[in-house]
Amino acid sequence: MDALIPPSCLLCGAPGSVVCRPCWRALPWLEGCCQLCALPLASGDCCPQCLKQPPPFRASLCLWQYQFPIDRLIRGFKFQQQRAAATLLGRQLGLAFSQSLAQRPLGDWPQALVAVPSHWRRRLLLGQQHSYILARQLARQSGLPLLPALAKIKPSHSQRGLSRRQRQRNLAGSLALRRPVAGAGIVLVDDVMTTTSTARAASQVLLDGGAAWVEVACLARTPELHDQSRQG
Ligand SMILES: [Zn+2]
Ligand SMILES: [Zn+2]
């Protein structure tokens, strides 16, 4: 594995590590954010949209704001298949996830991790199973099982010009439940959460299948509100 890790910082080129210490510290760590959808917030812990219409998932764990230079690392992970970036970011999310579990009573632990089917977004036809790679990392670090509960059964049509309700139906209709989830607390794993429509649709499919609750774990969150035309 070490042979695959480049000997210099992916961001500044300094020798010695995949991301050097100064670059790591300077990453856009997500601090104040909505407890439900992880939208970056200057104050408070719930964004106006979630107050008005809470998402079907009950919380989100997210590490970074999706902006420079974390976008470069994630793009590298997704599109150039940079294993070193994937491993680094996945490990950090796995660490944060395991720490968050350790602070919860056992009765409130999830029963399984589920990766968002990765070819939801057409651009990912070019990429690898990024959400699955992340979910596998979280499973390894937390000891929770990774359940292949969601399958993509048809391509989601373009979301452009559709109302929120139509978008939701469009996305949810492209997914099928492949494993029983009745009664289970589920953590849905994705790389970047943009509008939350993907996470909402996937959560709804799991809840319709009887899941007790759904939470989201992702690497980064864009600073967008929920209901815009971009998919994700
Ligand atoms: Zn650096
Ligand atoms: Zn929110």
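Numbering (our numbering), first residue to last: 1 to 232.
Don't be surprised by glycine CBs; every beta carbon is placed ideally from N, CA and C.
Residue i classed as buried or exposed, judged by whether at least 16 other C-beta atoms fall within 10 angstroms
i, result
"Gln53", "exposed"
"Cys33", "buried"
"Leu27", "buried"
"Pro7", "exposed"
"Leu73", "buried"
"Arg109", "Note on residue identity: the sequence assigns Trp, not Arg, to residue 109. Exposed."
"Phe97", "buried"
"Gln65", "buried"
Cut-off 8 Å between Cβ atoms - residues of its own chain near residue i, not counting five sequence neighbours on either side
i, result
"Gln103", "none"
Span of the alpha helix (DSSP H), counted from its first residue to its last, around residue i
i, result
"Gly185", "First-last for Gly185: 185 to 193, but that is the beta strand (DSSP E), not the alpha helix (DSSP H)."
"Arg136", "130 to 142"
"Trp109", "Per DSSP, Trp109 belongs to no alpha helix (DSSP H) and is neither H nor E."
"Trp24", "21 to 25"
"Leu171", "164 to 172"
"Gln65", "Per DSSP, Gln65 belongs to no alpha helix (DSSP H); it is in the beta strand (DSSP E), 60 to 65."
6 Å CB neighbourhood of residue i in its chain, flanking five on each side removed
i, result
"Ala38", "Ser60, Cys62, Arg221"
Residues near residue i in its chain [Cβ-Cβ closer than 7 Å; skip 5 each side]
i, result
"Phe57", "Leu188, Ala199, Ser203, Val214, Glu215, Val216"
"Val19", "Cys9, Leu10, Leu11, Leu88"
"Leu162", "Asn170"
Residue interval of the beta strand (DSSP E) (run including residue i)
i, result
"Ala201", "Looking at the DSSP string, Ala201 is not in any beta strand (DSSP E); the run it does join, the alpha helix (DSSP H), is 197 to 208."
"Arg221", "213 to 221"
"Gln92", "No beta strand (DSSP E) contains Gln92, which is instead part of the alpha helix (DSSP H) from 83 to 102."
CB of residue i within 9 Å of CB of residue j, strictly
i, j, result
"Leu134", "Gly90", "yes"
"Ser142", "Asp191", "no"
"Pro148", "Arg179", "yes"
"Ala211", "Gln168", "no"
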